[in-house]
Every structure is written in structure tokens, then in C-alpha cells.
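Enquirer: Sequential numbering of the sequence shown, starting at 2, is according to our numbering. Virtual Cβ for every residue (Gly too), placed ideally from N, Cα, C. Pasting a structure here, questions to come.
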Amino acid sequence: MKQILKGAGIFALVMAAAGTAAANKADDTLNVAFSKELENVDSYFNSAREGVILQRSIWDGLVYRDPYTGEYQGNLATDWKWVDDKTLEFNLRQGVTFHNGEPFDADDVVATVNWVADEKNGVKTQRNVNWMESAEKIDQFKVRIHLKAPFPAAIEYLAGPVSIYPNEYYAEAGPTGMGLNPVGTGPYKVVSVEPGKHFVLEKYENYHKDSPKGQANIGRLDIRTIPDFNTQAAELFSGGLDWIWQVPPDQAESLGAMGEFTVANESTMRIGYLQFDAAGRSGESNPFTNKLVRQAISHAIDREAIVASMLKGKSRVVNSACFPSQFGCAQDVAVYDYDPEKAKQLLAEAGYPDGLEIDFYAYRDREYAEAMLGYLEAVGIKSNFKLLQYSALRELSMKGEVPMSFQTWGSYSINDASAIVSQYFKLGSLDSAQDEQVKEWLDVADSSVDSEERKEYYAKALKRIAEEAYWLPLFSYNSNYVFTKDLEYAPTTDAIPRFFQMNWK
């Protein structure tokens with residue numbers, strides 16, 4: 002594994018930066034680094050974690066979920082009720098204005114819901130919105146949202162990825178305009194956007210005082226895309242940055258030992274997994290239509306060792322195709338312990354006594370992927386490693402052209418199994434299993450108003466996914482945050498840094 006900025010390297014960097022640190026507390030600007038490019042800030046047209054983070058600061062939803070207690074609170078809505086099992090009614094908050102001065106009312110909710118629910122408009126993650134049929138205006142500050150079918154997780158989604166947009170502005174600007182000049186009701190308003198590179202946000206002084214998010218404390222956010230961690234660290238020492246995240250474990254340990262910054266580690270809802278083309282969409286030569294091959298690979302990889310030596314922190318091995326805290330994420334599923342001899346035996350039974358050669362795709366975490374390639378080689382599986390950009394791999398996956406890949410999913414931090422298992426196993430373009438029985442069970446789990454029945458049917462689906470080895474769930478991710486000691490910040494397990502809750506000491 003490539004080692005960067007360890008030991009003497011960090012010490013030398015500190016010495017080079019000595020005396021140059023700036024107190025950004027003084028000008029009330031929090032300087033932040035993202036490592037991945039975010040091309041479109043429009044929250045309905047990106048699935049990147051960086052986009053989720055900006056979404057929560059720029060826009061509001063009807064509902065807010067407290068990240069510490071899990072309690073649902075009214076945000077753009079003051080209260081709500083179920084009229085029937087397919088209809089939600091919301092009373093809307095009055096006196097709210099968008100960043101461009103447009104007053105918020107029912108027209109904005111109706112226009113947003115009806116637009117994103119229309120599949121022709123191409124919202125990137127359909128699972129977040131395709132449970133809604135339409136919205137109806139009852140009066141200026143009352144709306145009803147009609148569901149396609151009963152969907153008990155509706156409030157969780159309305160508290161997460163479903164943001165409300167200004168009706169008049171979005172009708173004119175569309176996704177492109179919203180990406181370049183975002184307008185919301187959130188605690189921060191956007192001052193400038195350089196797509197993929199630089200975002201400047203300022204505290205929205207007219208933010209509605211009754212929001213459970215609370216008023217932003219810090220006046221200005223300056224967010225730059227800096228892919229290279231060494232560059233991020235250098236700027237942290239020089240005072241050019243105040244806050245960085247997703248810091249590699251070894252570097253976080255070294256930075257913490259120095260005592261110059263606050264270092265925090267927290268678990269996240271993101272899991273890594275291997276996805277196999279069990280349905281055979283990638284061609285007749287694809288070996289992953291054979292269950293024994295999928296099971297062999299599942300036994301070949303020492304997930305515990307990868308977590309202990311590489312991810313560290315609060316990461317854990319996961320066995321079910323979801324994050325353990327999510328509602329319905331059954332844990333009583335088949336487990337594939339590390340057993341290279343059993344892996345070889347299964348390969349022989351599958352007709353590959355001398356091993357085989359595969360294409361192995363990934364879009365991130367090269368070092369984790371390379372560790373897995375090493376384990377596969379040890380049991381006779383040679384891999385052609387193909388590291389692509391996320392958008393390119395996603396496109397190939399949707400076309401069914403990827404035989405095997407290492408991927409991750411953070412569920413948009415939605416604490417419900419539907420946000421991952423129903424995203425990938427309901428016969429859609431990203432479903433590499435195409436198992437109709439799994440889809441039928443998930444349909445019941447997604448729509449039942451009986452919580453115990455939901456758990457029962459998610460468990461049925463998750464057990465079959467594990468038994469058939471459609472995926473090999475690998476591990477949960479954690480995140481290391483490093484920031485100036487002038488800053489107050491407590492990470493949350495949903496991996497959404499809420500800039501509006503940060504404060505200077």
C-alpha cells in the first residue's frame with residue numbers, strides 16, 4: 002500500500018509551514034476541502050456524498066430527522082398526518098422565503114414533487130422519489146402527497162433526499178441553472194459555483210427561525226476540491242484549510258499524535274461490497290452465473306484483516322446487504338468466513354480446478370481493491386483490474402456490462418433497508434441478480450404498513466441474497482475528520498457534516 006505523509010514526512014511539512022498558519026476564525030470563514038469533484042450541485046442530479054452534504058446546507062425538506070436522537074421534526078412543514086395508507090397531508094410553515102426572495106408556499110411543494118416524481122425528468126437516484134405519485138394543493142399552506150403504494154419509510158425519505166425547490170425559479174432554470182446558481186431555503190445560500198472545483202456559501206440571514214436545523218453559526222463557507230491528501234494536509238498546516246475529512250487512517254493517527262489539530266473518527270452508513278453478474282448480463286463467458294464461483298470468491302477474501310489493517314477506526318465487517326442500523330437490515334444471514342482452501346474446493350467443483358481469469362472493476366479505494374486482488378490470486382483467480390471514474394462504472398453497470406465490481410453505497414444516509422436493498426434488487430438497471438422472488442419480497446417489505454411484516458420480508462430477501470452470494474458485503478466505512486482546534490464539531494454516524502451546526506470556540 003502506498004504510504005503518504007507518515008512520521009518524518011508530516012513533521013517536515015509542519016516545519017515548512019511553521020509560522021504561516023492563519024486564524025480563519027478571525028474572518029468568520031470556514032475553509033473546507035472535498036476530495037471528489039461535484040459537477041452538479043442540483044441535489045436531484047448527483048449521487049455523490051459531497052452533493053448530499055451541500056444539499057442539507059442549501060435546501061430544506063418538509064421534515065427533519067435529528068441526527069443524534071432520530072426524532073422527526075417539522076421543517077418546511079409544521080406537522081403532518083396520514084390521511085390513508087397512500088396519502089400524507091402537511092401543514093406548511095408560513096413566513097419562509099427562498100434565497101432569491103421568492104416566498105415559500107404549497108405551489109413550491111406541488112411543483113417539486115410532481116416534477117421529480119415524473120420518471121421522464123431523469124432524477125439520478127429514482128429510488129429516492131419513485132414512491133411518490135403526485136402532490137396536491139389543498140390551500141396556500143396545506144398539501145397532500147399521494148403515494149403509488151403504501152410506503153412506511155416515506156417520512157424518512159422526506160427528511161432526507163427530498164428537497165423543496167422554488168417553483169418559479171426552477172421552472173426557468175432547470176437542473177443546469179440550479180447546478181450553477183442553486184436556490185433553496187436552507188441555512189446557507191450559495192454565493193458562487195465553479196463546477197467541480199469551488200463553492201462559496203454564506204449564512205442566510207433570513208433563514209426561518211423555527212427550523213430545527215437552527216441558524217448557521219459560521220458566516221461563510223469556502224469549499225474547494227483538492228483531490229490530493231498531501232496538498233490538503235499542507236494547506237491545513239499553513240492555515241489555508243480549517244476542516245478536512247475522509248483522511249486515511251494512518252495519516253489521521255499521525256496527525257492526532259502531533260496535537261496540532263482535533264482528530265475525530267466516526268462510523269458511517271456506507272458499506273463496501275462485491276457485486277457479481279449472477280444474471281449473466283455481461284455475456285456467456287461470465288463465470289459469475291455459477292453460484293459456486295460467487296461463493297468461492299466470498300470465502301477467498303479476508304475481510305476482517307482488511308478492516309483491521311486498512312480501514313481501522315469504527316469500521317466493521319458486514320454480512321448482510323445493508324447497514325446494520327437500517328430498519329429491516331436482518332443479520333441472520335449466511336456468513337462467508339475467510340477460508341482459502343474452501344474457496345479452491347468450490348472453484349474446482351465449479352469446473353475451475355486450475356483457477357480462472359476475471360475482470361475486476363472499481364471506482365475508488367485502490368488499496369482496498371488491490372488487497373482483494375491479492376487474496377483472489379492466492380486461490381488461483383487472476384484479475385484484470387479496471388479502475389474507472391464513478392460515472393463511467395455506473396453507466397457500464399446500468400448497461401449490464403460489468404461482470405464483477407467493488408462498489409460502495411451510502412444509502413443517502415436513509416436509515417431504512419429500502420434505501421439500499423430495494424435500490425439494487427428490484428429488477429432495475431443496477432440489479433445484477435434479476436431475481437424475481439427477491440423483488441416480490443421487497444415489494445411487500447417496501448409497502449407493508451405492518452412493521453413486523455416489513456422486517457419479515459426484508460429478512461427473506463436478505464437471506465436469499467446472501468445464500469445465493471449475489472453480493473459479498475465487505476465492511477462498513479468510517480470517516481476521519483481533522484480540523485482546527487478553534488472549531489467545535491461533533492461527527493454523526495450518518496456521515497453528513499452539517500456545517501450549519503459547526504461553531505467557533
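For Val294, does the three-state DSSP call read helix, strand or coil?
Expert: Locating residue 294 in the sequence shown gives position 293, where the first residue counts as 1. Helix at Val294.
Enquirer: From Phe289 to Arg295, what does the alpha carbon distance come to, in whole angstroms?
Expert: Looking up residue 289 in the sequence shown gives position 288. Looking up residue 295 in the sequence shown gives position 294. Cα to Cα, Phe289 sits roughly 6 Å from Arg295.
Enquirer: What's the call for Asn25, buried or exposed, on a 16-neighbour Cβ count within 10 Å?
Expert: Translated into the one-based positions of the sequence shown, residue 25 becomes position 24. Asn25 comes out buried.
Enquirer: Express the C-alpha separation of Pro474 and Gly273 in angstroms, rounding to a whole number.
Expert: Position 272 of the sequence shown holds residue 273. Position 473 of the sequence shown holds residue 474. Going from the Cα of Gly273 to the Cα of Pro474 covers about 6 Å.
Enquirer: Based on the DSSP output, what are the partners of Asn92 in its beta bridges?
Expert: Start at 1 with the first residue of the sequence shown, and residue 92 comes out as number 91. Asn92 pairs with Asp80 and Lys143.
Enquirer: Tell me the residue span of the alpha helix (DSSP H) that contains Pro341.
Expert: Working through the sequence shown from its first residue, we reach residue 341 at position 340. First-last of the alpha helix (DSSP H) with Pro341: Pro341 to Glu350.
Enquirer: Decide if Asn504 is buried, meaning its Cβ has at least 16 other Cβ atoms within 10 Å, or exposed.
Expert: Mapped onto the sequence shown, residue 504 falls at position 503. Per the 10 Å Cβ criterion, exposed.
Enquirer: Among residues of its own chain, excluding the 5 on either side of Pro167, which ones have a beta-carbon nearer than 7 Å to its beta-carbon?
Expert: Within the sequence shown, the letter at position 166 stands for residue 167. Cβ within range, chain order: Phe99, Asn101, Glu103, Asp109 and Val184.
Enquirer: Would you identify the three-state DSSP class for Trp442, choosing helix, strand or coil?
Expert: As a first step, residue 442 is located in the sequence shown; it is residue number 441 there, counting from the start. Trp442 falls in the helix class under three-state DSSP.
Enquirer: By Cβ distance below 6 Å, which residues in the same chain neighbour Asp509 in space, the five residues on each side in sequence not counted?
Expert: Lying before the first or after the last residue shown, residue 509 is absent from the chain, which here runs from 2 to 506.
Enquirer: Taking the DSSP output, what are the residues bridged to Phe484?
Expert: What you label residue 484 is simply residue 483 of the sequence shown in a count that begins at 1. DSSP output for Phe484 lists Trp244 and Thr263 as bridge partner(s).
Enquirer: Whole-angstrom Cβ separation of Ile146 and Val194, contact assumed at under 8 Å?
Expert: On the sequence shown, residue 146 is found 145 positions in, with the first residue counted as 1. On the sequence shown, residue 194 is found 193 positions in, with the first residue counted as 1. In fact, because the Cβ distance is near 30 Å, the residues do not count as touching under 8 Å.
Enquirer: On the three-state DSSP scale, how would you describe Ala136?
Expert: For the purposes of this step, residue 136 is taken as the residue at position 135 of the sequence shown. Of the three classes helix, strand and coil, the one that applies to Ala136 here is strand, per DSSP.
Enquirer: Considering only the alpha carbon of each residue, which of Phe484, Ser448 and Ile421 lies closest to Leu148?
Expert: Position 147 of the sequence shown, counted from the start, is the residue given in the question as residue 148. For Leu148, the nearest C-alpha among the options comes from Ser448.
Enquirer: Taking Gln74 as part of the beta strand (DSSP E), name the residues at either end of that continuous run.
Expert: Taking the first residue of the sequence shown as position 1, residue 74 is located at position 73. First-last of the beta strand (DSSP E) with Gln74: Tyr73 to Gly75.
Enquirer: Could you tell me which residues DSSP pairs with Tyr189 in its beta bridges?
Expert: Taking the first residue of the sequence shown as 1, we reach residue 189 at position 188. Beta-bridge pairing links Tyr189 to Lys204.
Enquirer: Which residue from Phe91, Val422, Tyr189 and Tyr170 puts its Cα closest to that of Trp60?
Expert: Here residue 60 is taken as the residue at index 59 of the sequence shown, counted from 1. For Trp60, the nearest C-alpha among the options comes from Tyr189.
Enquirer: Along the chain, where does the alpha helix (DSSP H) containing Thr232 start, and where does it finish?
Expert: Here residue 232 is taken as the residue at index 231 of the sequence shown, counted from 1. First-last of the alpha helix (DSSP H) with Thr232: Phe230 to Ser239.
Enquirer: Kindly indicate which three-state DSSP category Tyr478 falls into: helix, strand or coil?
Expert: By one-based count along the sequence shown, residue 478 stands at place 477. DSSP places Tyr478 in strand when its eight states are reduced to three.
Enquirer: Does the separation of the CB atoms of Ser321 and Ser477 fall below 7 Å?
Expert: The residue you call residue 321 lines up with position 320 of the sequence shown. The residue you call residue 477 lines up with position 476 of the sequence shown. No, they are not a contact pair.
Enquirer: Measuring CB to CB, does Ala467 end up less than 7 Å from Arg455?
Expert: Within the sequence shown, residue 467 is the residue found at index 466, counting from 1. Within the sequence shown, residue 455 is the residue found at index 454, counting from 1. Not in contact: Ala467 and Arg455 (Cβ atoms no closer than 7 Å).
Enquirer: Spell out the partners DSSP gives Leu357 in its beta bridges.
Expert: As a working note, residue 357 is residue 356 in the sequence shown. DSSP lists Ile382 as partners of Leu357.
Enquirer: Given this structure, state the Cα-to-Cα distance separating Ile382 from Glu342, to the nearest angstrom.
Expert: Counted from its first residue, the sequence shown places residue 382 at position 381. Counted from its first residue, the sequence shown places residue 342 at position 341. Taking the straight line joining both Cα atoms gives about 13 Å.
Enquirer: What does a CB cutoff of less than 7 Å around Val439 pick up in its chain, not counting 5 residues either side in sequence?
Expert: To locate residue 439, count along the sequence shown from 1; it is residue 438. Hits under 7 Å: Phe426, Ala462, Arg465 and Ile466.
Enquirer: Do you know offhand how far Arg57's Cα is from Ala217's?
Expert: Locating residue 57 in the sequence shown gives position 56, where the first residue counts as 1. Locating residue 217 in the sequence shown gives position 216, where the first residue counts as 1. If I take the Cα positions, the gap works out to 12 Å.
Enquirer: What three-state label does DSSP hand Lys3 in the structure shown?
Expert: Working through the sequence shown from its first residue, we reach residue 3 at position 2. With a pLDDT of 36 at Lys3, under the threshold of 50, the modelled position of that residue is not reliable, and no figure is offered here.
Enquirer: Assuming Lys214 and Phe501 are in contact, meaning their beta carbons sit under 8 Å apart, how far apart are those beta carbons, in whole angstroms?
Expert: Here residue 214 is taken as the residue at index 213 of the sequence shown, counted from 1. Here residue 501 is taken as the residue at index 500 of the sequence shown, counted from 1. Going by Cβ atoms, the distance from Lys214 to Phe501 rounds to 6 Å, so yes, they are a contact pair.
Enquirer: Quick test of your reading: Val117 and Val130, contact by CB under 8 Å. State the CB separation rounded to the nearest angstrom.
Expert: For the purposes of this step, residue 117 is taken as the residue at position 116 of the sequence shown. For the purposes of this step, residue 130 is taken as the residue at position 129 of the sequence shown. With a Cβ gap of about 5 Å, Val117 and Val130 count as contacting.
Enquirer: Might you give, ordered along the chain, the residues of its own chain that have their beta carbon closer than 6 Å to the beta carbon of Thr409, omitting 5 neighbours on each side?
Expert: For the purposes of this step, residue 409 is identified with residue 408 of the sequence shown, where counting begins at 1. So the qualifying residues of the chain are Arg271 and Gly273.
Enquirer: In whole angstroms, what is the alpha-carbon distance linking Phe230 and Ala491?
Expert: Translated into positions along the sequence shown, residue 230 becomes position 229. Translated into positions along the sequence shown, residue 491 becomes position 490. About 22 Å.
Enquirer: So, Ala154 versus Val64, is the Cβ gap smaller than 7 Å?
Expert: Indexing the sequence shown from 1 puts residue 154 at position 153. Indexing the sequence shown from 1 puts residue 64 at position 63. Result no, Cβ atoms of Ala154 and Val64 do not sit closer than 7 Å.
Enquirer: Can you find at least 3 beta carbon pairs, one from the segment 31-42 and one from the segment 240-247, that sit closer than 8 Å?
Expert: Yes: the two stretches touch, three or more of their Cβ pairs being nearer than 8 Å.
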